[in-house]
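J.: Sequences listed follow chains E and D, in order.
Anchor point for the first sequence: position 364 equals 364 in my numbering, and the numbering is continuous, going up by one each time.
Offset between the second sequence (1-based) and my numbering: plus 1000.
For each residue, glycine too, the CB sits at the ideal point set by N, CA and C.
Quick caveat: nothing in here was measured; it's all calculated off a predicted structure.
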Amino acid sequence: MKITGYKRPDGSVGFRNHIAILASVGCANDVALRIGRMYPSVLVLTHRQGCAQLGDDKDQTARTLVGLGKNPNIAGLLIIGMGCESITAHYLADEISKTGKIVEVLVVLDEGGLTAALPRGTKLIDLMVREASQMERVPCDPEHLTLGIKCGLSDTTSGVASNPATGIAADMLVESGGTVIFGETPEVIGAEHILAKRATSRGVGEKLYRLVNQCEERVRASGMDIRGANPAPGNIAGGITTIEEKSLGAIKKGGGTRLQGVLGYGDIPKKRGLFFMDGPGRTPEALTGLTATGAQVIIFSTGGGSPAGTPISPVIKVTGNPQTAQRLSGHIDVDVSSILRGEESLQEAGESIFQELLTVASGKATKAEAFGYGTISIWNIGSHM
Amino acid sequence: MNRAIMVNSEDTVATLLNHAEAGDSVHILTAQGKETGTVKIGEPISMGHKVALLPMKEGDKVIKYGAVIGQATRPIRVGDHVHVHNMKSLRLAIPLNVPTNTK
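1) On the CB-based measure, 16 or more other CB atoms within 10 Å of its CB, does E:A232 come out buried or exposed?
2) Quick check: E:L373 and E:G309, are their CB atoms within less than 8 Å of each other?
3) My parser needs the alpha helix (DSSP H) runs of 4 or more residues fully inside the region 217-254 of chain E; what are they?
4) In the region 9-67 of chain E, which residue ranges form an unbroken alpha helix (DSSP H) of at least 4 residues, counting only runs that do not cross its ends?
5) Going by beta carbon distance, what residues of the same chain come within less than 6 Å of D:A1093, once the five residues before and after it are set aside?
6) Can you name, in chain order, every residue of its own chain whose Cβ lies under 6 Å from the Cβ of E:P139, other than the five neighbours on each side?
7) Specify whether the region 103-117 of chain E and the region 73-93 of chain E touch according to this definition: at least 3 beta carbon pairs, one from each stretch, less than 8 Å apart.
8) Among the candidates E:L77, E:A237 and E:M277, whose CA atom is the shortest distance from the CA of E:R130?
9) Contact between the region 285-294 of chain E and the region 342-351 of chain E is defined here as three or more beta-carbon pairs at a separation below 8 Å; is this criterion met?
10) Hey, could you find the ends of the beta strand (DSSP E) D:N1002 is sitting in?
11) Roughly how many angstroms separate the alpha carbons of E:R120 and E:G255, rounded to a whole number?
12) Run through chain E and tell me which residues come within less than 7 Å of D:S1089, C-beta to C-beta.
13) Could you pull the DSSP bridge partners for D:G1070 from this structure?
14) Any contact of the region 331-341 of chain E with the region 155-166 of chain E, i.e. 3+ C-beta pairs under 8 Å?
15) Who are the Cβ neighbours of E:G303 in its own chain at under 6 Å, not counting the five residues just before and after it?
16) Enumerate in chain order the residues of its own chain whose CB-to-CB distance from D:N1002 is below 7 Å, with the five nearest sequence positions on each side excluded.
17) Measure how close the beta-carbons of E:V360 and E:P314 come, nearest whole angstrom, since I'm counting them as under 8 Å.
18) Roughly how many whole angstroms lie between the Cα atoms of E:S362 and E:D141?
19) Can you list the residues of chain D that E:E348 reaches, using a CB-CB cut of under 9 Å?
20) According to DSSP, simplified to helix, strand and coil, what is E:A308?
21) For a test of the three-state rule: what should DSSP assign to E:Y209, helix, strand or coil?
22) Helix, strand or coil, according to DSSP, for E:T122 in the structure here?
23) Once you ignore the five residues that flank E:E356 on each side, which residues in its own chain have a CB closer than 7 Å to its CB?
24) Going along chain E, which residues have a C-beta under 7 Å from D:R1003?
25) Using a Cβ-Cβ cutoff of less than 7 Å, which residues in the same chain neighbour E:N73 once the five nearest sequence positions on both sides are dropped?
26) Pick helix, strand or coil for D:P1099, following the three-state DSSP scheme.
27) Would DSSP call E:E143 helix, strand or coil?
28) Anything in chain E within Cβ reach of D:G1037, meaning under 8 Å, just list it in chain order.
29) Given that a residue counts as buried once 16 or more other Cβ atoms are within 10 Å of its Cβ, and exposed if not, what is E:T46?
30) Below 8 Å on the Cβ atoms is my guess for E:M385 versus E:A52; work out the distance and round it to an integer in Å.
31) Go to E:A75, then tell me how far its beta strand (DSSP E) extends in each direction, as first and last residue.
32) Please determine if the region 1036-1046 of chain D and the region 1058-1070 of chain D are in contact, where contact requires at least 3 C-beta pairs separated by less than 8 Å.
33) At 9 Å on the CB atoms, spell out the chain E contacts of D:S1025, in chain order.
34) According to the neighbour-count rule (16 or more other Cβ atoms, all chains shown, within 10 Å of its Cβ), is D:H1085 buried or exposed?
35) Classify E:R63: buried if its beta carbon has 16 or more other beta carbons within 10 angstroms, exposed otherwise.
36) Straight-line CA distance for E:D57 to E:N29?
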């Protein structure tokens, strides 16, 4: 089956053609926003990191910013730095330009401040926007597609409808040669041994266990016991009996293919297939992490419904809850509640989600995308100075 | 029509797709939408809750999604509601030796 996308210099394919302004540090946000206001079609990627961070936290932020810039959905970007930050605009530009895409740098203190930076910044953006406008979609194969998968506001319908149906779509993409990345470490606790058994090597399984341990340690350090609090009273009232059942329902969204690898937050996989990405369940951080790994489209399986999107990649909202599909119809893209009524099998619902995935990749706007809903937020794992 | 879904073919429980009352017949569907049989339930079971497809002794593993989700703490009959009152988590300690399917 053919989909259409934008061929990039390094052989990757973008399924959107964005020009973006990326702040290398929180202090550059204001300059990025001012320039962005003059060009409404441009993505303005602001965040609160980039300086005074330590060790793993600093490395993770740097890796995530590089990943965001490398995402093939971005045709070109202007990186704005202050000139005094730890993760410099020049460092990010050096890494991101390895993809061959258009990368420009603006260092605010070198230019002479906010007002002084605006003329050059706007000129650079103007050139990029007009260059991108001449790029065209060409037919390509699904092997170039990386699908990110998230679940949120899960309820009973998630475990029996939207997650398994999404998992079927995930399997179809992997079978077509594509890549699937799902994450949220707290959600696999209780089912990590199941995932590890599907790993292609012992090392992959062991890395998964390490990440789960690390996640539990962090929660314990804050004075809570994650296993003791799971399942929550709401889950139990809804029919979920054990943490194993809850997590197995959650991992179902990734499908059943072999686990090729376990990625750190924002890590780009080096081969195709199914991957697990370490990260939090909290939506803005989870979606940001997925786009940093290179996911050009994201499927968000939801019970209760969520308007969330993320700037770089379109988010397809799937629900199996008929009340949600009706009440939040302005935010739901695929309604699979027909599974509950016996009007559609899980297999058929999975196939319709897969079709929606291909159509969205080829240009159809999702509801969250049409709103431009969502912002970048980088997962912070340490304190700053 | 009362329906319950058996997510994987090895499952020993199915999950109700609608509320059903005691004495109701529930049709068991596979992921492909095929009906594999019916089960008469002996008590009311809510949507999202589990019904036993096989009889289980205390200690027997409960299988859902093709994997162990816990074990029976009391004898369970076909058609029984399966939940916190008759099954519990195995709370596995994370094994350091990971069995994998490397060929």
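T.: Per the coordinate set shown:
1) Within the first sequence, the letter at position 232 stands for residue 232 of chain E. It counts as exposed.
2) Position 373 of the first sequence holds residue 373 of chain E. Position 309 of the first sequence holds residue 309 of chain E. It should be pointed out that residue 373 of chain E corresponds to Tyr in this sequence rather than to Leu. Yes. Within cutoff.
3) Here the runs fully enclosed are 233-237 and 243-251.
4) 29-38, all fully within the region 9-67 of chain E.
5) For this step, residue 1093 of chain D is matched to residue 93 along the second sequence. Low per-residue confidence applies at D:A1093: pLDDT is 38, beneath 50, and the placement is therefore not dependable enough to give any value.
6) Numbered from 1 along the first sequence, position 139 holds the residue referred to as residue 139 of chain E. Around E:P139, the same chain offers K2 and T4 as residues with beta carbons nearer than 6 Å, after the five sequence neighbours per side are excluded.
7) Cβ pair count under 8 Å is three or more, so yes.
8) Taking the first residue of the first sequence as position 1, residue 130 of chain E is located at position 130. Scanning E:L77, E:A237 and E:M277 for the CA closest to the CA of E:R130 turns up E:L77.
9) No: the two stretches stay apart, fewer than three of their Cβ pairs being nearer than 8 Å.
10) To locate residue 1002 of chain D, count along the second sequence from 1; it is residue 2. D:N1002 -> beta strand (DSSP E) spans N1002 to M1006.
11) Residue 120 of chain E sits at position 120 when you count from the first residue of the first sequence. Residue 255 of chain E sits at position 255 when you count from the first residue of the first sequence. Within the model, the alpha-carbon separation for E:R120 versus E:G255 is close to 48 Å.
12) The sequence position of residue 1089 of chain D within the second sequence is 89, counting from 1. Those are T242, I243 and E244, listed as they occur along chain E.
13) Counting from 1 along the second sequence, the entry for residue 1070 of chain D is found at position 70. Under DSSP, D:G1070 forms a beta bridge with D:V1062.
14) Three or more beta-carbon pairs separated by less than 8 Å link the region 331-341 of chain E to the region 155-166 of chain E, which places the two stretches in contact.
15) Within the first sequence, residue 303 of chain E is the residue found at index 303, counting from 1. Around E:G303: L153, S154, D155, T157, S158 and N321.
16) Stepping through the second sequence from its first residue, residue 1002 of chain D is reached at position 2. Once the five neighbours on either side are set aside, the close Cβ partners of D:N1002 are N1018, A1020, D1024, S1025, V1026 and H1027.
17) Here the question's residue 360 of chain E lines up with position 360 in the first sequence. Here the question's residue 314 of chain E lines up with position 314 in the first sequence. With a Cβ gap of about 5 Å, E:V360 and E:P314 count as contacting.
18) Walking along the first sequence from the start, residue 362 of chain E turns up at place 362. Walking along the first sequence from the start, residue 141 of chain E turns up at place 141. Taking the CA atoms as reference points, E:S362 sits about 11 Å from E:D141.
19) To locate residue 348 of chain E, count along the first sequence from 1; it is residue 348. Within 9 Å Cβ-Cβ: Q1032 and G1033.
20) Here residue 308 of chain E corresponds to residue number 308 of the first sequence, with the count starting at 1. In the structure shown, E:A308 sits in coil (DSSP, three-state: anything other than H, G, I, E or B).
21) To locate residue 209 of chain E, count along the first sequence from 1; it is residue 209. Looking at E:Y209 - three-state DSSP - the assignment turns out to be helix.
22) Taking the first sequence and counting its residues from 1, the one referred to as residue 122 of chain E is at position 122. Reduced to three states, the DSSP call for E:T122 is helix.
23) As a first step, residue 356 of chain E is located in the first sequence; it is residue number 356 there, counting from the start. Within the same chain, and ignoring the five residues on either side of E:E356 in sequence, the residues whose Cβ sits closer than 7 Å to its Cβ are I316, D333 and V334.
24) If you number the second sequence from 1, residue 1003 of chain D lands on position 3. Here the neighbours are G342.
25) Within the first sequence, residue 73 of chain E is the residue found at index 73, counting from 1. So the list reads G14, F15, R16, H18, Q296, I312 and S313, once near-sequence residues are dropped.
26) Numbered from 1 along the second sequence, position 99 holds the residue referred to as residue 1099 of chain D. Bear in mind that a pLDDT of 45 at D:P1099, under 50, signals an unreliable position, so the model cannot answer this.
27) Stepping through the first sequence from its first residue, residue 143 of chain E is reached at position 143. Looking at E:E143 - three-state DSSP - the assignment turns out to be helix.
28) Start at 1 with the first residue of the second sequence, and residue 1037 of chain D comes out as number 37. Result: empty, since nearest Cβ-Cβ is about 15 Å, beyond 8 Å.
29) In the first sequence, counting from the first residue as 1, residue 46 of chain E sits at position 46. With a 10 Å radius around the Cβ and a threshold of 16 neighbouring Cβ atoms, E:T46 comes out buried.
30) Taking the first residue of the first sequence as 1, we reach residue 385 of chain E at position 385. Taking the first residue of the first sequence as 1, we reach residue 52 of chain E at position 52. The C-beta distance from E:M385 to E:A52 rounds to 4 Å, short enough to meet the 8 Å contact threshold.
31) In the first sequence, residue 75 of chain E corresponds to position 75, counting from 1. Judged by DSSP secondary structure, E:A75 falls within the beta strand (DSSP E) whose first and last residues are I74 to G81.
32) Verdict: no, contact absent.
33) In the second sequence, counting from the first residue as 1, residue 1025 of chain D sits at position 25. Annotation: D:S1025 has no Cβ neighbours in chain E at a cutoff of 9 Å; minimum Cβ distance is about 14 Å.
34) Within the second sequence, the letter at position 85 stands for residue 1085 of chain D. Using a 10 angstroms sphere on the CB of D:H1085, the tally of other CB atoms stays under 16, which defines it as exposed.
35) What you label residue 63 of chain E is simply residue 63 of the first sequence in a count that begins at 1. Per the 10 Å Cβ criterion, buried.
36) For the purposes of this step, residue 57 of chain E is taken as the residue at position 57 of the first sequence. For the purposes of this step, residue 29 of chain E is taken as the residue at position 29 of the first sequence. Those two C-alpha atoms are separated by around 20 Å.
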